[in-house]
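Visitor:
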Amino acid sequence: MMKLKWRDKWLERKAIEITVQQSRRVFVTVSQDDFRKTMERLVKIKGFTQIATITGVDIGKEIEVIYHLKHKELVLSLRTRTSKKEPVIPTIVDLIPGSALYEREVHDLFGVTFIGNPDLSPLLLPEGWPDDVYPLRKKWTSEIIKHKLEGS
Amino acid sequence: MPFLDIIVFPGLLFLLFLAFFCEWLDRKAVAKLQNRVGPKHTGPEGILQPFADFIKLLSNEDIIPAAVDRIMFSLGPILILTLSLMPLFLIPIAGSSALVWFEGDLIFIMFVMTLRIIITFLSAWSSTNRFSMIGGMRVILQMLAFEIPLTIAMTGPAISARSLSLSKIVQFQASEHLLLLAQPLGFVIVTICLLAELRMVPFDIPKAKTEIVKGWFVEFSGKKLALLRLTEDFELVLAASLMVSLYLGGPIGPWQTQSVLYFFTKLVICILILSNLRALFARFRIDQALKGAWKYLTPLALIQVILVELMPMVIP
Amino acid sequence: MSTFRIPFGPQHPALKEPINFTFKVDGERVVSVKLRLGYVHRGIEKLAEDRTYTQNIHLVERVCGLCSQAHVICFSQAVEEILGVEIPARARYLRTIIAEMERIQNHYMWLGFTAHEMGFETLFMYTWRDREIALNMVETITGKRVNYGINTIGGLRRDLTAIAVNPVKRGLDQLEDRMKYYKKLCMTEPTILKRTVGVGILRPKDALRFGAVGPTLRASGIKRDIRFDDPYAAYEEASFNIITYDGCDVASRLLARCEEVFESIEIIRQMLDNLPKGKVRVRVPSQVPQGEAVSRVEAPRGENLHYLRADGTDKLARLKMRAPTLANLLPLCKMFENMNIADIPMIIAGIDPCIACAERMTFIDTENRSTNSWTGDELRKYSIGWYEER
Chain P
-1 MMKLKWRDKW LERKAIEITV QQSRRVFVTV SQDDFRKTME RLVKIKGFTQ
49 IATITGVDIG KEIEVIYHLK HKELVLSLRT RTSKKEPVIP TIVDLIPGSA
99 LYEREVHDLF GVTFIGNPDL SPLLLPEGWP DDVYPLRKKW TSEIIKHKLE
149 GS
Chain G
3 MPFLDIIVFP GLLFLLFLAF FCEWLDRKAV AKLQNRVGPK HTGPEGILQP
53 FADFIKLLSN EDIIPAAVDR IMFSLGPILI LTLSLMPLFL IPIAGSSALV
103 WFEGDLIFIM FVMTLRIIIT FLSAWSSTNR FSMIGGMRVI LQMLAFEIPL
153 TIAMTGPAIS ARSLSLSKIV QFQASEHLLL LAQPLGFVIV TICLLAELRM
203 VPFDIPKAKT EIVKGWFVEF SGKKLALLRL TEDFELVLAA SLMVSLYLGG
253 PIGPWQTQSV LYFFTKLVIC ILILSNLRAL FARFRIDQAL KGAWKYLTPL
303 ALIQVILVEL MPMVIP
Chain S
47 MSTFRIPFGP QHPALKEPIN FTFKVDGERV VSVKLRLGYV HRGIEKLAED
97 RTYTQNIHLV ERVCGLCSQA HVICFSQAVE EILGVEIPAR ARYLRTIIAE
147 MERIQNHYMW LGFTAHEMGF ETLFMYTWRD REIALNMVET ITGKRVNYGI
197 NTIGGLRRDL TAIAVNPVKR GLDQLEDRMK YYKKLCMTEP TILKRTVGVG
247 ILRPKDALRF GAVGPTLRAS GIKRDIRFDD PYAAYEEASF NIITYDGCDV
297 ASRLLARCEE VFESIEIIRQ MLDNLPKGKV RVRVPSQVPQ GEAVSRVEAP
347 RGENLHYLRA DGTDKLARLK MRAPTLANLL PLCKMFENMN IADIPMIIAG
397 IDPCIACAER MTFIDTENRS TNSWTGDELR KYSIGWYEER
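From first to last, the protein sequence lines stand for chains P, G and S.
Sequential numbering from -1 applies to the first sequence in our numbering.
Sequential numbering from 3 applies to the second sequence in our numbering.
Sequential numbering from 47 applies to the third sequence in our numbering.
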């Protein structure tokens, strides 16, 4: 583990895992319950007021949601996991207004519901897209989606 | 007034060819200024290109959207074309008097030009497209702003010639001097206002294609679009020939000679002036254009008229 | 007159790519705006998961025609970070040179595009003529005008030949001269000033709140540039200024981009003068160990971010790309507030949008028909059939 220039004792206690990949990249994993509190702390106290994007990853039973936060030269990727059956995560639009489009994107493609986001209307998928098809989940390979859409 | 004059020279056919020639000249000149080639393949140096475009548009499918007001929508282009062609008969082209002329035809020209714009607005409104409506509103706003300095500036030559007839003004210039020399300011104002009347850059606001998708043009297709394109060419000829007749002496040459060739040469010069201005600027916003017209052009036009009245007193 | 809604796009002459804004206007004033994306989805993120790393290099390059170098550098950096390889110095320098050339040609193109939006066709024609110089330079080095295909994981596929250096230097001089003239024009020509000054205001506070990036952010007076903050390739060895303007309007964005061209030219000159000798490529294994990486690059339009997760096979587990345009769309909506309809195209042009960049995820077109595997022939058959049915 590389030496951390940027430290936060509170976060180190809460986090499930902290990895420092290189001097300007930090990955932090927190549980779903701690997520909102951690985010508030990072934004309000630690100055991570900018977000680069939100990534969703399908990891089998769960969906991992990664928030890439920026502060000067540092990119902190805060990740949390949510069950695939009922994927819900509290929104961060009230903390960082710039995340609105990214939340809609993840909602479209992974079906994660961001509780508290006022506008989760489709951003990328066309009208009439079937409700239960989330194209970036591993289950939906290109062939299956093609098959399903042509059948409908 | 012989039949041949109206149909062939200097009537309909001649004007039609002149219109196509002017479009070609304008396109070619702007292309040169913009470091392009312009029309190249149809005819020598692409001189037949405007004609080819016209024929091609005539053959296109003519779509009438379901929501339009059919009568006004179909009638609009024809009316506009007629109204822009009509004043051309009042312009002295071949000789010092026009095909048709009467005392006060300058006022008639102004009236027809205004009428044309109102018809434009009506046909824009009848096409019930949002872009057309905005375009139509812009047409009216621009007319209100630029018609006034244009009219005021055009009274300058009329006062000098002591006549409201275009032919008389030309005859006055034949006997006295070119009005460009006496009223250069008026010439500049008329040129700017005519750019706005023609809806050319920087005043192509009503049909700005990057903003409102060709504005009031947008729903017209096929034959209607062909007629509207032809109208634009006639308007270009009209604007240039107004400049020629009012300030450059129409078909009058040196030593009291008269020839259509002189008229033609002057017309080409005027069109080159208009094309040059067209290539030089970016488009104004509607509020900026209106502000400019009311704040600068109208007072300047008034000053020009006052100068015309005062001049004879100072220089007898 | 009451308010009515104007659709702006997906097909509109001011937009070179499909996106839909629905404007509520009151006369000529914009009251509010709603945004809809999704007309050019190609599903690149999904496709990437089915391909090997080498194949992905070429896929990623095709995310965007104009900033292909930025995307491909970003991707290869992420893979190199997981692999733990250090690429040769010469490769780093050459990557920088090509990336900066891409910036120059992009800014030239953008300047012309903006001129076109404001109805200034002459400037549009002139800048696009001069952009050819930049494209020819790139062609001299890489062999292609767009989608250069020169990068690979572990360095470059081809080296810069000594013959290419002099034409490139000459080209740079020409481009510098021309840009000086255009900058002067942008600062003095009254109609340009009328259309750009005070248009599309984005206050620094809003720019940060909504997460603007690149020249859009820097024209709001905020000094942020990935090349400087988070240096990659050979930017640490180059000396250059970060251009900021505090006008917060389209005019500032115009001038900021003009001046960035001078900086880019300066960087390329430094790189060419100090070009290290040696190899341009290290061989890397085709299988990438488990790991993840976040990579950032300053594309011509702003920050470009790739997140890569590898699972130990020769195919990647997840690739997330965030192109600068997506980040600039929310600030864009902010800029529209209280503007004229006439200013809409200017403001859109102001962020230098690249819609195809912003959306890469799905792969089905709006007609519910799959297009991902269609060949040209199939497409032709489909279109003929469609017309016959009609």
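The beta-carbon is built from N, C-alpha and C at its ideal position, and this holds for glycine as well.
Would a check of beta-carbon distances place arginine 224 of chain S closer than 8 Å to chain G?
Guide: Your numbering for residue 224 of chain S matches position 178 in the third sequence. Output row for arginine 224 of chain S: interface = no.
Visitor: Which class does glycine 106 of chain G belong to by DSSP, given the choice of helix, strand or coil?
Guide: Here residue 106 of chain G corresponds to residue number 104 of the second sequence, with the count starting at 1. Looking at glycine 106 of chain G - three-state DSSP - the assignment turns out to be coil, as it is neither helix nor strand.
Visitor: Can you say whether lysine 1 of chain P is buried or exposed, counting buried as having 16 or more other CB atoms within 10 angstroms of its CB?
Guide: Within the first sequence, residue 1 of chain P is the residue found at index 3, counting from 1. The predicted model places lysine 1 of chain P with a pLDDT of 46, which falls under 50 and marks its position as unreliable; any figure quoted below should be read in that light. Classification of lysine 1 of chain P: exposed, given that the 10 Å Cβ count is below 16.
Visitor: Which residue from S:Phe67, S:Gly293, S:Leu112 and S:Ala137 puts its Cα closest to that of glycine 267 of chain S?
Guide: In the third sequence, counting from the first residue as 1, residue 267 of chain S sits at position 221. Comparing Cα positions, the closest option is S:Gly293.
Visitor: In chain order, which beta strand (DSSP E) runs of at least 3 residues are fully inside the stretch 17 to 48 of chain P?
Guide: The stretch 17 to 48 of chain P contains these whole beta strand (DSSP E) runs: 23 to 27.
Visitor: To the nearest angstrom, report how far apart leucine 202 of chain S and serine 122 of chain S are at their CA atoms.
Guide: Here residue 202 of chain S refers to the residue found at position 156 of the third sequence. Here residue 122 of chain S refers to the residue found at position 76 of the third sequence. Between leucine 202 of chain S and serine 122 of chain S, the C-alpha separation is close to 10 Å.
Visitor: Which residue marks the beginning of the alpha helix (DSSP H) containing asparagine 374 of chain S, and which one marks its end?
Guide: One-based indexing of the third sequence puts residue 374 of chain S at position 328. Asparagine 374 of chain S -> alpha helix (DSSP H) spans 370 to 381.
Visitor: Shorter than 8 Å from the beta carbon of lysine 82 of chain P to some beta carbon of chain S?
Guide: For this step, residue 82 of chain P is matched to residue 84 along the first sequence. No, lysine 82 of chain P does not count as interfacial toward chain S.
Visitor: Scan the stretch 229 to 240 of chain S for residues whose Cβ lies nearer than 8 Å to a Cβ of chain G and list them as they occur along the chain.
Guide: If the cut-off is 8 Å between Cβ atoms, the stretch 229 to 240 of chain S has Glu235, Thr237, Ile238 and Lys240 near chain G.
Visitor: Along the stretch 67 to 78 of chain S, what residues have a CB closer than 7 Å to any CB found in chain G?
Guide: So the close ones are Glu74.
Visitor: Rounded to whole angstroms, what is the Cα-Cα separation between aspartate 360 of chain S and leucine 129 of chain S?
Guide: The count along the third sequence starts at 1 and reaches residue 360 of chain S at position 314. The count along the third sequence starts at 1 and reaches residue 129 of chain S at position 83. Going by the C-alpha atoms only, they are around 12 Å apart.
Visitor: Helix, strand or coil for glutamine 115 of chain S? Go by DSSP, reduced to three states.
Guide: As a working mapping, residue 115 of chain S is identified with position 69 in the third sequence. Helix, per DSSP.
Visitor: Could you tell me if tryptophan 257 of chain G is buried or exposed, where buried requires 16 or more neighbouring beta carbons within 10 angstroms of its beta carbon?
Guide: Looking up residue 257 of chain G in the second sequence gives position 255. Its Cβ having fewer than 16 others within 10 Å, tryptophan 257 of chain G is exposed.
Visitor: So, for isoleucine 214 of chain G: in the same chain, excluding its five sequence neighbours on each side, which residues have a beta-carbon less than 7 Å away from its beta-carbon?
Guide: Locating residue 214 of chain G in the second sequence gives position 212, counting from the first residue. Correct list, in chain order: Phe133, Ile136 and Gly137.
Visitor: Determine whether the Cβ of glutamate 71 of chain P lies closer than 8 Å to any Cβ atom of chain S.
Guide: Counting from one through the first sequence, the residue named residue 71 of chain P turns up at place 73. For glutamate 71 of chain P, the answer is yes, since a Cβ of chain S falls inside 8 Å of its Cβ.
Visitor: Looking at chain S, is there any beta carbon in it that lies within less than 8 Å of the beta carbon of alanine 50 of chain P?
Guide: Stepping through the first sequence from its first residue, residue 50 of chain P is reached at position 52. True, the Cβ-Cβ gap to chain S drops below 8 Å.
Visitor: For leucine 181 of chain G, collect the residues of the same chain with a Cβ closer than 7 Å to its Cβ; drop the 5 residues on either side in sequence, then sort them by chain order.
Guide: The count along the second sequence starts at 1 and reaches residue 181 of chain G at position 179. Same-chain partners within the cutoff: Pro159, Ser162, Gln175, Leu248 and Tyr249.
Visitor: Can you give me the start and stop residues for the beta strand (DSSP E) that alanine 16 of chain S sits inside?
Guide: Missing from the structure shown is residue 16 of chain S; chain S here goes from 47 to 436 and no further.
Visitor: Considering valine 32 of chain G, what are the terminal residues of the alpha helix (DSSP H) in which it resides?
Guide: Reading the second sequence from its first residue, position 30 is the one you call residue 32 of chain G. Residues 14 to 35.
Visitor: Compare the beta carbon distance of asparagine 37 of chain G and tyrosine 172 of chain S with 8 Å and say whether it is the shorter of the two.
Guide: Locating residue 37 of chain G in the second sequence gives position 35, counting from the first residue. Locating residue 172 of chain S in the third sequence gives position 126, counting from the first residue. Against a cut-off of 8 Å, the Cβ pair of tyrosine 172 of chain S and asparagine 37 of chain G comes out as a contact.
Visitor: For arginine 368 of chain S, count neighbouring Cβ atoms within 10 angstroms of its own Cβ and tell me buried if that reaches 16, exposed if not.
Guide: Within the third sequence, residue 368 of chain S is the residue found at index 322, counting from 1. So arginine 368 of chain S ends up on the buried side.
Visitor: Against chain G, does asparagine 386 of chain S count as a neighbour if the rule is that its beta carbon must be under 8 Å from one of theirs?
Guide: Position 340 of the third sequence, counted from the first residue, corresponds to residue 386 of chain S. So yes, asparagine 386 of chain S belongs to the interface.
Visitor: Please list, in chain order, the residues of the stretch 262 to 292 of chain G that have any C-beta partner in chain S closer than 8 Å.
Guide: Cβ contacts with chain S: Ala281, Leu282, Phe283, Ala284, Arg285, Phe286, Arg287, Ile288, Asp289 and Gln290.
Visitor: If you draw a straight line from the alpha carbon of glutamine 290 of chain G to that of glycine 257 of chain S, how long is it in whole angstroms?
Guide: Position 288 of the second sequence, counted from the start, is the residue given in the question as residue 290 of chain G. Position 211 of the third sequence, counted from the start, is the residue given in the question as residue 257 of chain S. Rounded to the nearest angstrom, the two C-alpha atoms are 33 Å apart.
Visitor: Kindly indicate which three-state DSSP category alanine 363 of chain S falls into: helix, strand or coil?
Guide: Looking up residue 363 of chain S in the third sequence gives position 317. Strand at alanine 363 of chain S.
Visitor: For threonine 130 of chain G, which option in G:Arg287, G:Thr44, G:Phe222 and G:Pro204 has the closest C-alpha, if you only look at C-alpha atoms?
Guide: The residue labelled residue 130 of chain G in the question sits at position 128 within the second sequence. Ranking the options by Cα distance to threonine 130 of chain G, first place goes to G:Phe222.
Visitor: Measuring only between beta-carbons, confirm whether valine 106 of chain S sits less than 8 Å from chain P.
Guide: On the third sequence, position 60 is the one that residue 106 of chain S refers to. By this cut-off, valine 106 of chain S is not an interface position.
Visitor: Return the first residue and the last residue of the alpha helix (DSSP H) that alanine 356 of chain S is part of.
Guide: Position 310 of the third sequence, counted from the start, is the residue given in the question as residue 356 of chain S. Here alanine 356 of chain S belongs to no alpha helix (DSSP H); instead the beta strand (DSSP E) covers 348 to 356.
Visitor: Buried or exposed for serine 43 of chain G, please, with buried defined as at least 16 other CB atoms from any protein chain shown within 10 angstroms of its CB.
Guide: As a working note, residue 43 of chain G is residue 41 in the second sequence. For the record, residue 43 of chain G in the displayed sequence is histidine; it is not serine. Classification of histidine 43 of chain G: exposed, given that the 10 Å Cβ count is below 16.
Visitor: Going by DSSP in three states, lysine 70 of chain P sits in which element: helix, strand or coil?
Guide: As a position in the first sequence, residue 70 of chain P is number 72, starting the count at 1. Reduced to three states, the DSSP call for lysine 70 of chain P is coil.
Visitor: Closer than 8 Å, CB to CB, is glutamate 282 of chain S near chain P or not?
Guide: What you label residue 282 of chain S is simply residue 236 of the third sequence in a count that begins at 1. No, glutamate 282 of chain S does not count as interfacial toward chain P.
Visitor: Give me the chain S residues within the contact set of threonine 47 of chain P, using Cβ-Cβ distance strictly less than 7 Å, ordered along the chain.
Guide: Residue 47 of chain P sits at position 49 when you count from the first residue of the first sequence. Leu254, listed in chain order.
Visitor: Does isoleucine 109 of chain G come within less than 8 Å of chain S when only Cβ atoms are used?
Guide: What you label residue 109 of chain G is simply residue 107 of the second sequence in a count that begins at 1. No - not a single Cβ of chain S is within 8 Å of the one on isoleucine 109 of chain G.
Visitor: Using a Cβ-Cβ cutoff of less than 7 Å, which residues in the same chain neighbour alanine 54 of chain G once the five nearest sequence positions on both sides are dropped?
Guide: In the second sequence, counting from the first residue as 1, residue 54 of chain G sits at position 52. Around alanine 54 of chain G: Thr44.
Visitor: Taking Cβ to Cβ, would you say proline 52 of chain G is nearer than 8 Å to phenylalanine 16 of chain G?
Guide: Against the second sequence, residue 52 of chain G aligns to sequence position 50. Against the second sequence, residue 16 of chain G aligns to sequence position 14. Against a cut-off of 8 Å, the Cβ pair of phenylalanine 16 of chain G and proline 52 of chain G comes out as no contact.
Visitor: Which runs of the beta strand (DSSP E), 3 residues or longer, sit entirely within the stretch 67 to 132 of chain S?
Guide: DSSP runs (the beta strand (DSSP E)) wholly in the stretch 67 to 132 of chain S: 75 to 82.
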